[in-house]
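Numbering (my numbering), first residue to last: 272 to 570.
Ideal Cβ positions, reconstructed from N, Cα and C, are used throughout, including at glycine.
Down below is the structure, laid out as structure tokens.
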Amino acid sequence: MGTVVEVTVAHQSEETARTAMGAAFDEIERIDLLLSGHRSQSLVSKINNEGALRPVPVGPELYPLFVAARGYGRESDGAFDVTVGVVSRIWKFEPGGVVPDPAEAARALAKVGYDGLLLDDSAQSVGFARDGMAIDLGAIAKGWAVDRAIDRLKSLGIESAIIDAGGDLRLIGTRPGKRSWRIGIQHPREQGSLIASLDLADTAVVTSGDYERFFVADGVRYHHILDPATGRPASGCRSVTVIAPTAMEADACATAAFVLGPQRGIAFLRARPGVRGMIVDAAGALHWTDAALEREAHR
Ligand code: ADP
Ligand code: MG
């Protein structure tokens with residue numbers, strides 16, 4: 272998934288903790304093999320290669336992930352859209368990157384639209400309504416993998432843990448002897464410093480930002496969170512932090528709110544039960560879903 276995964280487990284028995292951490296890493300790796308768009312053998316590659324020809328059965332484990340992805344697409348008015356695959360493929364968000372040729376970009380954008388994602392509940396299959404479409408699960412797969420690894424830890428009796436997949440975190444319980452875990456939120460412009468810290472327990476917290484994968488050309492920052500309406504990087508935010516019951520929901524909602532921009536993004540988050548968050552807008556100003564969260568945050 273192109274990121275570093277850290278697993279922290281607290282348990283009286285070091286052996287139990289080590290076994291559990293191993294199981295969590297194995298689970299993340301298993302999911303990476305299935306969902307990576309860069310591996311030719313992955314399920315996602317199979318869907319992208321064959322999905323326009325025939326529906327690809329994905330099985331009972333993964334089918335709900337695709338249903339959830341389509342749901343976030345609908346609920347965000349297309350701000351979140353896993354069919355951005357053809358567009359994300361033509362950008363390279365790394366130093367030295369270049370803005371794609373406008374004609375190529377327009378052709379790619381014509382292939383985007385979650386309404387073209389065909390999901391068949393009885394066959395549990397995924398296909399495309401139109402030729403040349405592609406999915407990219409980059410905005411939801413990490414969260415989903417973290418949730419599955421958390422399930423593994425819980426099934427092994429772990430009651431205190433953190434899994435952090437490059438800013439996609441989920442917590443079990445609290446830090447031993449404390450009432451919470453203290454989670455630092457990366458400052459979007461000051462590398463290595465925090466914009467805030469939050470005391471959280473038994474929840475997921477995910478931050479999406481324009482500082483993770485980007486390049487600068489002619490003074491403009493081009494980063495990896497795309498507005499599916501334009502095919503270009505979304506411009507309203509620097510970062511979005513979302514607290515939600517699952518890492519999948521927090522991951523998808525962070526990306527959706529980022530694309531929606533500070534005002535619509537906050538409204539989108541507020542409308543979701545059990546979801547809270549904070550947005551750093553393009554000018555660096557902070558927006559919160561609720562005053563209580565703002566009060567609780569350590570600045
Ligand atoms: P990160 O991976 O840094 O945590 P995100 O969760 O926001 O950030 O995911 C960004 C990735 O998701 C991109 O690299 C791309 O693969 C994909 N993506 C980009 N824009 C969108 C979008 N509007 N909807 C869904 N997926 C997107
Ligand atoms: Mg995301």
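Given residue i as reference, the closest of the options once Cα atoms are compared
{"i": "P531", "options": "A400, H558, A505 and E567", "result": "It should be noted that the sequence gives Leu, not Pro, for residue 531. Nearest option by C-alpha distance: A505."}
{"i": "G490", "options": "V278, G367 and L324", "result": "G367"}
{"i": "F294", "options": "R419, G448 and S316", "result": "Rather than Phe, the amino acid found at residue 294 in this sequence is Ala. Ranking R419, G448 and S316 by Cα distance to A294 puts R419 first."}
{"i": "D473", "options": "E483, T445 and A542", "result": "T445"}
{"i": "I302", "options": "L336, E285, R289 and L324", "result": "L336"}
{"i": "D561", "options": "M549, A475, V338 and A400", "result": "M549"}
{"i": "Y334", "options": "S396, D407 and R310", "result": "S396"}
{"i": "E375", "options": "Y482, I361 and G308", "result": "I361"}
{"i": "E240", "options": "Q283, K363 and S313", "result": "Any answer about residue 240 is impossible in this case: the structure gives the chain only from 272 up to 570."}
{"i": "D402", "options": "K382, D386 and A394", "result": "K382"}
{"i": "E567", "options": "D422, V329, R453 and T290", "result": "R453"}
{"i": "V353", "options": "E298, M404, S311 and A515", "result": "M404"}
{"i": "A291", "options": "I433, A475 and D498", "result": "I433"}
{"i": "F399", "options": "Q457, I456 and P328", "result": "P328"}
{"i": "R509", "options": "H494, I318 and E298", "result": "H494"}
{"i": "A425", "options": "R570, T287 and G273", "result": "Reading off the sequence, residue 425 comes out as Lys, not Ala. If we check each option's Cα against that of K425, T287 comes out closest."}
Cβ-heavy atom distance, residue i to the ligand MG, below 6 Å
{"i": "D528", "result": "The sequence given here has Ala at residue 528, not Asp. A528 Cβ: outside cutoff for every heavy atom of the ligand MG."}
{"i": "D303", "result": "no"}
{"i": "S571", "result": "Given a span of 272 to 570 for the chain in the structure shown, any question on residue 571 remains unanswerable."}
{"i": "A525", "result": "yes"}
{"i": "D522", "result": "yes"}
Any non-hydrogen atom of the ligand ADP closer than 6 Å to residue i Cβ
{"i": "L306", "result": "no"}
{"i": "V513", "result": "no"}
{"i": "E483", "result": "yes"}
{"i": "H458", "result": "no"}
{"i": "F337", "result": "no"}
{"i": "D407", "result": "yes"}
{"i": "I496", "result": "yes"}
{"i": "F351", "result": "yes"}
According to DSSP, residues forming a beta bridge with residue i
{"i": "L388", "result": "F399"}
{"i": "C508", "result": "D552"}
{"i": "W559", "result": "M549"}
{"i": "R503", "result": "D498"}
{"i": "H569", "result": "S468"}
{"i": "E277", "result": "D435"}
Closer than 6 Å: residue i CB and nearest the ligand NAD heavy atom
{"i": "A410", "result": "Questions concerning the ligand NAD fall outside what the structure shown contains, since the ligands it does hold are the ligand ADP and the ligand MG."}
task = Say whether the stretch 520 to 538 touches the stretch 349 to 364, bearing in mind that this needs 3 or more beta-carbon pairs closer than 8 Å, one atom from each stretch.
result = The stretch 520 to 538, when compared against the stretch 349 to 364, does touch it at the 8 Å Cβ threshold.
inquiry  = Suppose only complete runs of 3+ residues qualify. What are the beta strand (DSSP E) ranges in the stretch 296 to 370, listed by chain order?
reply    = Listed in chain order, nothing qualifies, since the stretch 296 to 370 has no complete beta strand (DSSP E) run of 3 or more residues.
query = In chain order, which alpha helix (DSSP H) runs of at least 4 residues are fully inside the stretch 420 to 498?
reply = Listed in chain order, nothing qualifies, since the stretch 420 to 498 has no complete alpha helix (DSSP H) run of 4 or more residues.
inquiry  = Count Cβ pairs between the stretch 463 to 472 and the stretch 491 to 502 that sit closer than 8 Å; are there 3 or more?
reply    = No contact exists between the stretch 463 to 472 and the stretch 491 to 502.
inquiry  = Give the list of continuous beta strand (DSSP E) stretches no shorter than 3 residues that lie fully inside the stretch 526 to 556.
reply    = With a minimum length of 3 residues, the continuous beta strand (DSSP E) runs that stay inside the stretch 526 to 556 are 547 to 552.
query = Do the stretch 320 to 327 and the stretch 353 to 366 touch if we need at least three Cβ pairs shorter than 8 Å?
reply = The stretch 320 to 327 is not in contact with the stretch 353 to 366.
query = Is the number of C-beta pairs between the stretch 404 to 418 and the stretch 517 to 527 that are closer than 8 Å three or more?
reply = Flag = yes, the stretch 404 to 418 and the stretch 517 to 527 touch.
task = Could you say if the stretch 375 to 390 and the stretch 476 to 495 meet the contact criterion of at least three C-beta pairs nearer than 8 Å?
result = With the cut-off at 8 Å, the stretch 375 to 390 and the stretch 476 to 495 do not touch.
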